[in-house]
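Below is one structure; the comments refer to it alone.
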Amino acid sequence: VEKTADYVGPRFASEARRIHAEGGAERAVWGEATPAEARALAEDGVPVAPLPWLPKRDD
Numbered sequence: 008v009e010k011t012a013d014y015v016g017p018r019f020a021s022e023a024r025r026i027h028a029e030g031g032a033e034r035a036v037w038g039e040a041t042p043a044e045a046r047a048l049a050e051d052g053v054p055v056a057p058l059p060w061l062p063k064r065d066d
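Residue numbers (the working numbering): 8 to 66.
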C-alpha cells in the first residue's frame with residue numbers, strides 16, 4: 008500500500024469521498040479515519056477497507 012497509494016493522513020474520509028464523487032480515474036489513497044467515518048463511507052458506497060498495519064520489514 009505504501010508503494011502504490013498516496014498517503015492522505017487524517018484527510019482520508021474527505022479525500023476518499025471526493026475521489027468517489029468525481030467518478031473519474033480512481034486513485035488509491037490511504038490514511039486514518041474514525042470508525043464512524045469509515046462506516047459512513049461504506050454506507051454511501053465508497054469502497055473502503057481497514058488495513059492491518061504491521062511493522063516494516065527489512066527487504
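In this text, a Cβ means the ideal position worked out from N, Cα and C, and glycines have one as well. What you are looking at is a predicted structure, and each value in this text was computed from that prediction instead of being measured.
Cβ neighbours of residue i in the same chain (closer than 6 Å, five flanking residues each side left out)
i: A49; result: V55
Sheet register partners of residue i (DSSP bridge)
i: V36; result: D13
Same chain only: Cβ atoms within 7 Å of residue i, ignoring 5 sequence neighbours per side
i: A12; result: A35, V36 and W37
i: R24; result: L48 and V53
Beta-carbon contacts of residue i that lie in its chain and below 8 Å, excluding the five residues immediately before and after
i: A45; result: A20, V55 and P57
Cβ separation of residue i and residue j, assumed to be a contact under 8 Å, to the nearest whole Å
i: G16; j: E39; result: 6 Å
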